[in-house]
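Trainee: Dropping a structure here in structure tokens format, bear with me for questions.
Here it is as structure tokens:
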């Protein structure tokens, strides 16, 4: 029994213009994913720096930074993570566990993943 791919896939392999367009779309998706990953890295770095400042202030007995800032930073990182996950799925990547481990995404950020409501920010 022979297995053939659906016709929609074989047609794009024959038409060079369609292939070029698909290549351009894939390149744009990859560029967008790279930009969103950078935004996520920056949001996670801000959150980590804020938590380090709080820990340093507690050990030194100094005044801690504004604790109300943490929920805003978590929400920003959650929204950035949400954007990355959506773009990864658009690129065909369905498993995100490795990304979460590699990026060191805190549980609070994973739980707040989604559009951030930053009305008071």
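Numbering (full-length UniProt numbering), first residue to last: 1 to 121.
We treat Cβ as the ideally placed atom computed from N, Cα and C, and that holds for glycine.
Bear in mind that the values here come from a model prediction, so they are computed numbers and not experimental data.
Just to confirm the assignment, what range does the alpha helix (DSSP H) spanning residue 60 have?
Mentor: Here residue 60 is taken as the residue at index 60 of the chain shown, counted from 1. Where residue 60 is concerned, the enclosing alpha helix (DSSP H) stretches over 16-60.
Trainee: For residue 40 versus residue 91, is the C-beta distance shorter than 8 Å?
Mentor: What you label residue 40 is simply residue 40 of the chain shown in a count that begins at 1. What you label residue 91 is simply residue 91 of the chain shown in a count that begins at 1. Against a cut-off of 8 Å, the Cβ pair of residue 91 and residue 40 comes out as no contact.
Trainee: Is the distance from the Cβ of residue 96 to the Cβ of residue 36 below 8 Å?
Mentor: As a first step, residue 96 is located in the chain shown; it is residue number 96 there, counting from the start. As a first step, residue 36 is located in the chain shown; it is residue number 36 there, counting from the start. No, these two residues do not count as a Cβ contact at 8 Å.
Trainee: Between the C-alpha atoms of residue 63 and residue 42, what's the straight-line distance to the nearest angstrom?
Mentor: One-based indexing of the chain shown puts residue 63 at position 63. One-based indexing of the chain shown puts residue 42 at position 42. Rounded to whole angstroms, residue 63 to residue 42 spans 25 Å at the Cα level.
Trainee: Grouping DSSP H, G and I as helix and E and B as strand, with all else coil, what is residue 114?
Mentor: Stepping through the chain shown from its first residue, residue 114 is reached at position 114. If DSSP states are grouped into helix, strand and coil, residue 114 belongs with coil.
Trainee: Roughly how many angstroms lie between the CA atoms of residue 38 and residue 77, to the nearest whole one?
Mentor: Taking the first residue of the chain shown as 1, we reach residue 38 at position 38. Taking the first residue of the chain shown as 1, we reach residue 77 at position 77. Rounded to the nearest angstrom, the two C-alpha atoms are 11 Å apart.
Trainee: Would you kindly check if the distance between the Cβ of residue 89 and the Cβ of residue 114 is under 8 Å?
Mentor: To locate residue 114, count along the chain shown from 1; it is residue 114. To locate residue 89, count along the chain shown from 1; it is residue 89. In this structure, residue 89 does not lie closer than 8 Å to residue 114 by Cβ.
Trainee: By a C-beta neighbour count over all protein chains shown, 10 Å radius and 16 as the cutoff for buried, is residue 86 buried or exposed?
Mentor: Residue mapping note: residue 86 aligns to position 86 of the chain shown, counting from 1. The residue in question, residue 86, is exposed, as its Cβ has fewer than 16 Cβ neighbours within 10 Å.
Trainee: On the premise that residue 73 lies in contact with residue 29, defined as a C-beta separation below 8 Å, what is that separation, rounded to the nearest angstrom?
Mentor: Walking along the chain shown from the start, residue 29 turns up at place 29. Walking along the chain shown from the start, residue 73 turns up at place 73. Rounded, the Cβ-Cβ distance is 28 Å, inconsistent with contact.
Trainee: What does the Cβ neighbour count give for residue 81, buried or exposed, with the cut at 16 atoms within 10 Å?
Mentor: By one-based count along the chain shown, residue 81 stands at place 81. With 16 or more Cβ atoms within 10 Å of its Cβ, residue 81 is classed as buried.
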